[in-house]
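Undergrad: Numbered according to our numbering, the sequence shown spans residues 1023 to 1159.
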Amino acid sequence: MIKIVKQGLIIGIVNLLVGLIFNQTVGLLFPGITQEYVRSGLFRPWTDPLMMAFFLYPFILGLVLAYFWSRFGKQIEGKTSSAKALNFAKLYFLIATVPGMFVSYTSFRVSALMIGSWTLTGFVEAFVAGWILAKSK
């Protein structure tokens, strides 16, 4: 259990940084997305104290993925850590990201570009988590 918590926290820290960098990059490449966050009315303002809980997401996901890996990691195919990470990311993508982004696109007033950025972010973060888990023994 301690190993799962350590792995989850490491994944959380790394994916928090990856997510912040990725979202800043997307915002620079597509300034309309930044405006969409502000104007959509869908999201709480950053001044709302509850928004600080948003930063817990990578840690919660990290703990869940570390637990999943502890249960099923040996079944993830791949000869290298990168290959295992890619297969792990594809599995997570199909199970969680595809249905989650479908329901987000069909129920929220957000652009396809925003959904695309969320989708890509989810895949990259799942790959990073898989790589960390495959590297840790």
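Glycine included, C-beta positions come from ideal geometry on N, C-alpha and C. Just so it is clear, the structure is predicted and the values come from calculations on it, not from any experiment.
Is the region 1093-1109 touching the region 1041-1051 in the sense that three or more CB pairs, one from each, lie closer than 8 Å?
TA: No, the region 1041-1051 is not in contact with the region 1093-1109.
Undergrad: For residue 1025 and residue 1111, what's the separation of their Cα atoms in angstroms?
TA: For this step, residue 1025 is matched to residue 3 along the sequence shown. For this step, residue 1111 is matched to residue 89 along the sequence shown. Looking at the two C-alpha atoms, the distance is approximately 21 Å.
Undergrad: Rank 1081, 1060, 1064 and 1069 by C-alpha distance to the C-alpha of residue 1162 and give the top, closest one.
TA: In the structure displayed, the chain extends from 1023 to 1159; residue 1162 sits before or after that span and is not available.
Undergrad: Is the region 1126-1138 in contact with the region 1072-1090, if contact means three or more CB pairs nearer than 8 Å?
TA: Contact between the region 1126-1138 and the region 1072-1090 is absent, because fewer than three Cβ pairs lie under 8 Å.
Undergrad: DSSP three-state label for residue 972, please.
TA: Residue 972 lies beyond the residue range present for the chain, which begins at 1023 and ends at 1159; the question has no answer from this structure.
Undergrad: Give a yes or no on whether the C-beta atoms belonging to residue 1156 and residue 1103 are separated by under 7 Å.
TA: Residue mapping note: residue 1156 aligns to position 134 of the sequence shown, counting from 1. Residue mapping note: residue 1103 aligns to position 81 of the sequence shown, counting from 1. Result yes, Cβ atoms of residue 1156 and residue 1103 sit closer than 7 Å.
Undergrad: Given 8 Å as the limit, is there contact between the region 1116-1128 and the region 1061-1070, that is, 3 or more CB pairs closer than that?
TA: Verdict: no, contact absent.
Undergrad: Which class does residue 1158 belong to by DSSP, given the choice of helix, strand or coil?
TA: Counted from its first residue, the sequence shown places residue 1158 at position 136. Note: residue 1158 maps to coil in three-state DSSP.
Undergrad: Kindly indicate which three-state DSSP category residue 1047 falls into: helix, strand or coil?
TA: Walking along the sequence shown from the start, residue 1047 turns up at place 25. Looking at residue 1047 - three-state DSSP - the assignment turns out to be helix.
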